[in-house]
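Numbers 167 to 442, taken from the working numbering, label the letters of the sequence shown in order. Virtual Cβ for every residue (Gly too), placed ideally from N, Cα, C. Let me begin by presenting the structure, written as structure tokens, before commenting on it.
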Amino acid sequence: MQGTIDGFTHGLVTPVAAFLMAALGAALGLRCTTRSLHTARSHRAGWLALGSLSIGSGVWTMHFVAMTGFTVQEAPISYDKPLTFAGLAVAVVMVGIGIFIVGYRGATRMALITGGTITGLGIASMHYLGMAGMRMDARFAYDTPLVVLSVLIAGCAATGALWATVTLRGALSGLGASILMAVAVTGMHYTGMAALDVHLHLPPTLPADLADVLPGDRPTEMIGPMLAGPACFLLLAAVVLMFDPRAVTGGPGPDPRTGGHPRRTAREGAGGVRYR
């Protein structure tokens with residue numbers, strides 16, 4: 167029996183909220199990446215790590231905010247905690263690899279393609295790992311062309327966002343890059359959900375107490391604990407950026423050798439971002 171899927175149980179509330187979470191994580195993470203380009207090499211890893219946590223947390227939070235609006239009419243849904251939180255680790259690590267490549271290699275074509283591809287794969291891996299953590303008496307089947315399209319959306323948009331981050335300056339360009347990254351995450355998510363078919367092993371009429379015997383936790387039980395950790399990461403990034411306005415404007419940091427005046431400036435040439 168094929169299940170009746172509804173990805174918009176609460177209307178536009180969950181897609182809009184999910185998009186805003188993805189945009190917030192991307193805005194903080196990409197600003198940290200921009201700031202890393204204008205700081206001493208010894209401090210760059212810290213900014214990039216904070217950026218990885220912000221983007222990865224935003225991606226993961228977006229997924230599960232969106233999933234609160236996902237239901238299968240004939241069956242209750244629960245989630246396996248280890249797989250669910252493994253998705254967060256995958257998102258942070260793979261996004262981190264991508265932005266570390268771009269953060270240290272600059273705007274070279276190979277760095278952007280490699281970093282964007284890895285970042286996009288991290289977004290997609292988190293999504294499908296999160297789907298694998300769903301528990302219901304059913305078999306999932308995916309439409310391969312739509313799955314491929316979802317990964318391409320994530321990779322292309324992530325590459326574009328990273329390019330804008332390391333080549334353009336100013337708050338407006340940063341906002342555009344954040345929106346592009348949020349489009350990558352939400353576009354990938356809903357394209358991946360459109361690829362899903364649920365084949366139920368259960369009779370059409372379910373016992374009223376069936377949800378109580380399924381393994382895992384209900385979405386309403388997990389949403390609070392799931393959001394607590396990522397919210398802390400995003401809050402940490404926001405506080406750090408709040409006390410460093412240059413991370414918002416994309417300007418170079420002070421150089422103690424010049425009395426606190428900026429010395430390092432970025433130039434983009436054929437070989438990428440160079441500093442002097």
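According to DSSP, Arg301 shares a beta bridge with Ser244.
For Leu203, no alpha helix (DSSP H) run applies, since DSSP gives it neither H nor E. In terms of Cβ geometry, Val258 and Leu287 do not form a close pair [threshold 7 Å].
Residue Gly353 holds the alpha-carbon nearest to the alpha-carbon of Leu186 among Ser202, Gly282, Gly353 and Gly358. Across the set Leu318, Val317 and Gly173, the C-alpha of Gly173 shows the shortest separation from the C-alpha of Ala232. An exposed status is given to Leu338, since fewer than 16 other beta-carbon atoms sit within 10 Å of its beta-carbon. In this structure Val351 is buried. Its beta-carbon is surrounded by 16 or more other beta-carbon atoms within 10 angstroms. With at least 16 other beta carbons inside 10 angstroms of its own, Ser316 counts as buried. Annotation for Leu341: the continuous alpha helix (DSSP H) segment containing it runs Ala337 to Ala360.
Put simply, the backbone Cα of Ala298 is about 26 Å away from that of Thr280. The continuous alpha helix (DSSP H) containing Ala327 extends over residues Thr310 to Thr333. Taking all protein chains in view, the Cβ of Ser223 is crowded by 16 or more other Cβ atoms within 10 Å, so the residue is classified as buried. Inclusion of Leu312 and Leu278 in the CB contact set at 7 Å is not warranted, their separation being larger than that value. DSSP places Phe185 within a helical segment (H, G or I) once states are collapsed to three. The three-state reading of DSSP puts Phe236 in coil, since its state is none of H, G, I, E or B. For Tyr270, the closest C-alpha among the options Thr175, Thr283 and Ser208 is that of Ser208. Sequence-distant partners of His293 (beyond 5 residues in either direction) whose C-beta falls short of 7 Å from its own C-beta, in its chain, are His229, Met354, His355 and Gly358. Ala307 carries a strand assignment under DSSP once its states are collapsed to helix, strand and coil. Residue state for Leu278 is assigned as helix, using DSSP reduced to three classes. Nearest neighbour of Gly342 by Cα position, chosen from Ala193, Val225 and Ala290, turns out to be Ala193.
Excluding five sequence positions before and after Gln239, the CB atoms of its chain that fall closer than 6 Å to its own CB belong to Thr170, given in chain order.
Note that the C-beta distance between Gly191 and Ile221 is below 7 Å.
Taking Gly326 as the centre and dropping the five residues before and after it, the same chain places the C-beta of Leu346 closer than 6 Å to its C-beta, in chain order. Residue state for His365 is assigned as strand, using DSSP reduced to three classes.
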